[in-house]
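Trainee: Counting in the working numbering, the sequence shown runs from 5 upward without gaps.
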Amino acid sequence: MLGLFRKKRSDLKVVYRYPNEKVAIFIDGGNMFHACNYMQIKINYKKLIELLRKDRWLLRAYFYTGIPSGDLPKDLKEQFRKQQGFLNELQNLGIKVKTMPLKKTPEGYIEKGIDILLATDMVSLAFRNAYDTAILVSGDSDYVPVVKEIQELGKRVENASFKRTSSYELRKVCDEFILLDNVKHRFTSPLHPEKIEKPPEVTFVDRIKEFFSKILKKEKGRKK
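1) On the three-state DSSP scale, how would you describe E25?
2) Measure the C-alpha to C-alpha separation of K86 and R211 and round it to an integer number of angstroms.
3) In terms of DSSP beta bridges, what is S165 paired with?
4) Output the boundary residues of the beta strand (DSSP E) element that contains L97.
5) For chain D, check one thing: does any of its Cβ atoms lie closer than 7 Å to the Cβ of Y147?
6) If contacts are defined as beta-carbon pairs under 8 Å, then Y135 and K159 qualify, I think. What distance do you get, rounded to the angstrom?
7) Would you list the residues sitting across from A123 in a DSSP beta bridge?
8) Bridge partners of I45, per DSSP?
9) Considering L236, what are the terminal residues of the beta strand (DSSP E) in which it resides?
10) Please determine, among R168, S142, G33 and Q155, the residue with the shortest C-alpha to C-alpha distance to Y42.
11) Among N48, D179, L91 and K107, which one has its Cα closest to the Cα of S73?
12) If we ignore side chains and look at the alpha-carbon of each, how far apart do S165 and E214 end up?
13) The alpha helix (DSSP H) spanning K176 covers which residue range?
14) Taking the CB atoms as reference points, tell me whether G117 and F67 lie closer together than 7 Å.
15) According to DSSP, simplified to helix, strand and coil, what is R160?
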């Protein structure tokens, strides 16, 4: 009986907390964009950050993304204008936005170096003892070696991502995993909300017409 109890206890994952725990949040913008595009949702990043930090002291939230540079076609200029407005909104929320130029290829523009920039900040801030726990918002397995390095420095790493872009290797190595699909109702909204058609407004004139129409119908019925 005791052996069985021990076996069950060994399956449990113990979550340790620091007193006055300090957290820093690192958001892989590209990874989140792909998940949102697939799920047709948009994220309220202020709500997401509050959800992830819980009741802990937040050092800062960082958002990493690529931006186009140089001469751009007209359609891409419009996209970049919208993206810049979005990034400005994040800055106004107190989120530190970090960018890298997109790399142009024959197939289009791709992100290059974003994961290195994010990883460098995570390790650098951990080395400076700026936080106790890093919250990595991404599902990219490329971050596995970085997570291990940060844990070697005595820090915890939590991982949050959508199932669509989540890596099993990354989830396994992190101290805690948050599946965003389970709580998306708390920080997302539909990308294209359904429009609810309002019934046509009935005016006073319409009511008068309806009233006289009913009277005429009754008169016709009597004559028959």
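Think of the CB as a built atom: it goes at the ideal place given N, C-alpha and C, for glycine as much as any other residue. Remember, predicted model here, so these are calculated numbers, not experimental data.
Mentor: With the structure as the only source:
1) coil
2) 47 Å
3) L183
4) Element bounds for L97: n/a, residue is neither H nor E.
5) The displayed structure is made up of one protein chain only, and chain D is not part of it.
6) 7 Å
7) Looking at the DSSP assignment, A123 forms no beta bridge with any residue, so it has no partner.
8) P194
9) Residue numbering for the chain in the displayed model covers 5 to 228; residue 236 lies beyond these limits and cannot be assessed.
10) R168
11) K107
12) 58 Å
13) Y172 to V177
14) no
15) strand
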